[in-house]
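**Q** Pasting a structure here, questions to come.
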Amino acid sequence: MTTQKLALISRRIICEDHPMPIHGAILIKDDTIENIIPISDIKHEILAQEYILEDLGSLCIFPGLVDLNVSFSSDGASTVTRQALSGGVTTLATTDPLEGELFTDIASVRIISDSTLKSIKKPEHENIFAYKGYLVPQGPNPETLKDVTKALEVCQDLPLIIHPELTTPEKMMQATPFRQVAPEKRIFNCKIVITEEKQVYASEFRLNSDDEPEEFSESFEDDISGSESCSEDNPDIRINDFDNEESTSKIMVQGFNSMCLNVPEREKKRVSLPTLLGVENILVPPTVPSPRHNSVQCIGINSRPIPLQDIPFIKKGIQVEQAYHEHISKFPVDWEVAAVKKVLEIESKAQVHFCNVCSSEAVETINQLKINKEHLKVTCETSLPYVYFTETDVKPGDTRYKINPPIRDLGNFRNLWQMVKNQQIDCISSYHQPVNPPLKFIGDFSRAVNGVTSVGFTLQCIWTKLRTQIPMEEESGFLSLISLILSNNPAKVLNLKNKGGIKKGKHADFVVWDPESKIKITSTFDKFPHMSPLMGEELYGVIHRTYLRGTLVYSNNRIISKGSVLKRF
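If you count the sequence shown from 1, position 285 lands on 285 in this note's numbering, and the numbers rise without skipping.
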């Protein structure tokens with residue numbers, strides 16, 4: 001096999017062991033960084049005899065991003081990893097199954113719950129890099145991790161990633177009554193059953209609101225093939241009136257596929273999917289089978305999905321100005337703080353990582369407990385939506401922004417950024433959760449499925465927001481800071497010793513970009529580009545190339561698949 005040797009020269013190389021960018025050359029042998037040489041020690045004639053030299057000028061060579069929080073959902077691994085690679089992500093962590101062609105390296109994470117703690121094997125018997133637990137139900141999965149003490153005992157050998165959200169079932173159902181209904185059932189297959197002439201409130205929005213359309217569909221079998229109706233296999237969730245104080249929040253769970261509410265009788269009319277969405281001629285890209293995983297394919301710019309025209313959100317439904325403010329008021333920061341305290345009050349030597357931390361109060365609690373308990377091995381991660389958007393960015397009815405926990409106000413945004421600059425936040429992830437338009441474009445924050453399409457833009461978004469907060473002469477130093485937050489620290493969380501930095505002996509994973517140039521987002525590799533709230537944004541940072549283990553895998557909108565599932569041993 002022929003050895004590939006490459007030398008990349010740049011005036012701005014962001015090295016792991018240097019607080020400022022260096023002017024020099026990265027020597028690459030096959031998939032590994034062989035050495036890093038300062039420009040003063042480079043003899044071009046001698047170097048050219050052994051290496052292929054390429055001078056990138058003032059373009060910045062940055063370590064490949066490590067994204068700790070990515071979901072494939074219905075988009076699939078190929079689509080998501082392709083989009084991630086175009087934004088400089090070379091490694092991502094996911095709990096989702098891996099199918100199809102991969103464009104980035106993958107670190108697998110396993111979700112655990114009380115019912116699965118006994119089945120956890122020794123790390124050498126499982127090819128995973130972390131465990132992940134939820135303290136309250138998420139989406140269609142009712143399994144939770146309540147016995148945190150037992151989990152910390154079992155997960156001594158690998159980090160335990162915790163989604164910090166803790167509340168009572170009553171409060172949770174008051175905030176989001178659809179939390180325990182499978183996403184695919186929430187709109188199409190969730191029959192509203194009339195039981196009494198008494199109304200209840202769903203997430204504090206009256207079901208017979210003047211803003212809500214009078215017609216609704218009992219069944220969509222004519223519009224969507226393969227839809228299921230309520231049956232013995234799909235029992236009901238019933239909300240019952242227990243007492244005057246908590247009649248809107250208490251539930252009796254009998255299943256997870258449909259919901260029965262006490263609502264007034266109304267006329268039922270059959271409507272089509274476009275009518276439900278309030279969108280005419282909605283365009284849905286056809287599903288294209290993924291190529292075989294072992295194939296190598298170049299994808300030109302024409303392969304990108306054509307961006308859709310502006311699609312109006314639901315013409316009927318809840319679109320009042322205060323709807324989002326009322327939505328986030330049901331998810332108080334106390335839920336995050338309570339979860340952090342519950343986990344960290346337990347004496348343990350296990351490594352704990354908090355993901356999706358969106359409130360500055362929770363970050364402050366984590367850092368204070370780290371000071372008081374020096375033995376704690378704890379890190380925390382916020383996500384791109386929380387440090388790019390604020391509550392005021394969310395337009396009425398624009399449910400593309402709905403995630404859990406929710407995007408909060410400007411004061412919280414500023415506090416989070418101060419903590420990023422003070423290195424009180426260890427990592428920033430994309431928190432990419434693609435959702436199909438019929439489950440998202442519904443204009444009602446109490447019913448839309450959680451999830452934001454965001455992968456592939458973390459570097460540019462973070463850099464764009466950071467540039468507005470720092471003097472120009474300090475930009476070089478902050479490039480090194482964001483390399484820690486986006487690459488080095490995430491790799492350390494998962495103990496990826498060969499990833500996350502430009503250092504001798506590590507994998508040659510780089511992103512070559514121009515921090516001063518601007519780009520407007522008009523298209524992506526996502527299955528539904530219009531689902532991203534970043535569409536139309538102007539960002540600093542043009543991605544020119546991405547290298548994965550020494551191979552140029554992204555350049556000029558052309559992509560080569562070389563991703564693989566990482567092995568722990």
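Using N, Cα and C, we set each Cβ at its ideal position, and we do this for glycine too.
For clarity, every value in this text was computed on a predicted model and none was experimentally measured.
Starting from the Cα of residue 411, find the closest Cα among 560, 390 and 502 and give me that residue.
**A** For the set 560, 390 and 502, the Cα lying nearest the Cα of residue 411 is the one of 390.
**Q** Do the segment 501-508 and the segment 13-21 make contact, defined as three or more Cβ pairs closer than 8 angstroms?
**A** Because the criterion of three Cβ pairs below 8 angstroms is met, the segment 501-508 and the segment 13-21 touch.
**Q** Output needed for residue 31: all residues of its chain with C-beta closer than 8 angstroms, excluding positions within five of it in sequence on either side, in chain order.
**A** 507, 508, 549, 550 and 551
**Q** Secondary structure at residue 77, three-state DSSP: helix, strand or coil?
**A** helix
**Q** Along the chain, where does the alpha helix (DSSP H) containing residue 154 start, and where does it finish?
**A** Element bounds for residue 154: 148-154.
**Q** Indicate whether the contact test is met: 3 or more Cβ pairs, each with one atom in the segment 407-427 and one in the segment 435-449, closer than 8 angstroms.
**A** no
**Q** Tell me the rounded alpha-carbon separation between residue 349 and residue 5.
**A** 43 angstroms
**Q** Whether or not the segment 59-74 and the segment 509-523 are in contact is what I'm after, with contact meaning three or more pairs of Cβ atoms, one per stretch, closer than 8 angstroms; do they touch?
**A** yes
**Q** Output yes or no for whether 7 angstroms exceeds the beta carbon distance between residue 327 and residue 445.
**A** A contact, by the Cβ cut-off of 7 angstroms.
**Q** Identify the continuous alpha helix (DSSP H) that holds residue 96 and give its terminal residues.
**A** Here residue 96 belongs to no alpha helix (DSSP H), and DSSP marks it neither H nor E.
**Q** Please classify residue 627 as buried or exposed, where buried requires at least 16 neighbouring CB atoms within 10 angstroms.
**A** Because the chain is modelled from 1 through 569, residue 627 falls outside the range shown and cannot be assessed.
**Q** Counting beta carbon pairs with one atom in the segment 74-86 and one in the segment 51-61, are three or more of them shorter than 8 angstroms?
**A** Using a Cβ-Cβ distance cut-off of 8 angstroms, the segment 51-61 and the segment 74-86 are not in contact, since fewer than three pairs of beta carbons, one from each stretch, lie closer than that value.
**Q** What are the boundary residues of the beta strand (DSSP E) that includes residue 163?
**A** 160-163
**Q** Return the CA-CA distance between residue 38 and residue 450, expressed in angstroms with no decimal places.
**A** 48 angstroms
**Q** Considering only the beta carbon of each residue, do residue 148 and residue 343 sit closer than 7 angstroms?
**A** yes
**Q** From the DSSP output, which residues share a beta bridge with residue 134?
**A** 163
**Q** What does the Cβ neighbour count give for residue 404, buried or exposed, with the cut at 16 atoms within 10 Å?
**A** buried
**Q** Assuming residue 355 contacts residue 381 under a Cβ cut-off of 8 angstroms, what Cβ separation, rounded to an integer in Å, is found between them?
**A** About 5 angstroms; that satisfies the 8 angstroms criterion.
**Q** DSSP beta-bridge partners for residue 381?
**A** 427
**Q** Beta-carbon within less than 7 angstroms of residue 136's beta-carbon, same chain only, minus the 5 sequence neighbours each way: which residues are those?
**A** For residue 136, where only same-chain residues beyond five positions count, the Cβ hits under 7 angstroms are 144, 165, 166, 167 and 172.
**Q** Taking just the CA atoms, how far does residue 471 sit from residue 188?
**A** In this predicted model, residue 188 has a pLDDT of only 40, less than 50, meaning its place in the structure is not dependable; the value taken from the coordinates is given anyway. Whole-angstrom Cα-Cα distance: 52 angstroms.
**Q** Between the Cα of residue 19 and the Cα atoms of 408, 33 and 482, which residue gives the shortest distance?
**A** Per the Cα distances, 482.
**Q** Determine, using beta carbons only, whether residue 68 and residue 429 come nearer to each other than 7 angstroms.
**A** Their beta carbons are under 7 angstroms apart, which means residue 68 touches residue 429 by this criterion.
**Q** Compare the C-alpha of residue 571 against each of 462, 555 and 162 and name the closest.
**A** Outside the displayed span of the chain (1 to 569) sits residue 571, for which this structure offers no information.
**Q** Helix, strand or coil: how does DSSP classify residue 331 here?
**A** Three-state DSSP puts residue 331 in coil, outside helix and strand.
**Q** Less than 8 angstroms between the CB atoms is what I'm expecting for residue 101 and residue 561, so what's the real figure, rounded?
**A** 5 angstroms
**Q** Report the CB separation of residue 534 from residue 454 in whole angstroms; it is logged as a contact under 8 angstroms.
**A** That pair is a contact at about 7 angstroms.
**Q** My assumption, with CB atoms under 8 angstroms, is that residue 546 sits in contact with residue 90. Please give the rounded CB distance.
**A** 7 angstroms
**Q** Comparing alpha-carbon positions, which option in 158, 529, 526 and 520 lies nearest residue 542?
**A** 520
**Q** For residue 97, tell me which candidate among 70, 122, 118 and 117 has the shortest Cα-Cα distance.
**A** 70
**Q** Nearest to residue 421 by alpha carbon, out of 569, 402, 484 and 72?
**A** 484
**Q** What are the boundary residues of the alpha helix (DSSP H) that includes residue 458?
**A** Counting along the chain, the unbroken alpha helix (DSSP H) around residue 458 starts and ends at 458-467.
**Q** From the DSSP secondary-structure annotation, give me the bridge partner or partners of residue 545.
**A** 512 and 555
**Q** Helix, strand or coil for residue 18? Go by DSSP, reduced to three states.
**A** coil
**Q** Express the C-alpha separation of residue 86 and residue 286 in angstroms, rounding to a whole number.
**A** Since pLDDT at residue 286 reaches only 38, below the 50 mark, its modelled position is unreliable, and the value read off the structure follows with that caveat. Using only the alpha carbons, I get a separation of about 22 angstroms.
**Q** How many Å lie between residue 72 and residue 401 at the Cα?
**A** 18 angstroms
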